[in-house]
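So the sequence shown is residues 1 to 96, counted in our numbering.
These notes concern the structure reproduced below.
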Amino acid sequence: TLEQGRYFESYYYTRIHTKREDERLQVRPAGQYVTMLHKGDYSTLPQSYDIIKKFIAENDLEICGNSYEYELVSYLATQEMKDYIIQISVQVRPRA
């Protein structure tokens with residue numbers, strides 16, 4: 001799990017612009033998210049997750065859902081992996 005420092009994907013997601021009915025479709029739940037923009041290749045993502053986890057702990061929050069990665073700049077826009085930009089969002093709630 002993310003709390004234990006394991007950063008393995010379980011699902012892939014993309015934005016859709018029209019409402020669809022499909023049993024395979026999962027909608028990201030509404031709620032509070034800690035969001036960060038990560039610049040760099042995929043191998044450096046754990047460093048950004050560590051920053052997010054530290055922020056969550058320092059602000060008396062806890063992870064209560066999934067994390068999501070959304071590629072803003074990827075191989076479609078740049079040939080340099082160091083220039084990738086990925087938005088990371090982690091669902092949180094106030095610590096009980």
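Where a beta carbon is used, it is the ideal one built from N, C-alpha and C, also for glycine.
- Under the 8 Å Cβ criterion, the region 80-87 counts as touching the region 39-51, having at least three qualifying pairs.
- The criterion of a C-beta distance shorter than 8 Å is not satisfied by ILE56 and MET36.
- In the structure shown, LEU25 adopts coil according to DSSP, grouped into three states.
- Counting only unbroken stretches of 3 or more residues, the beta strand (DSSP E) elements lying wholly within the region 52-96 are 61-73 and 85-94, in sequence order.
- Comparing C-alpha distances from ALA96 to each of VAL34, GLU62 and TYR68 shows the shortest one belongs to GLU62.
- Leaving aside the five residues that flank SER74 on each side, the residues in its chain whose CB is nearer than 6 Å to its CB run, in chain order, TYR84.
- In the three-state DSSP reduction, TYR42 falls in the helix class (H, G or I).
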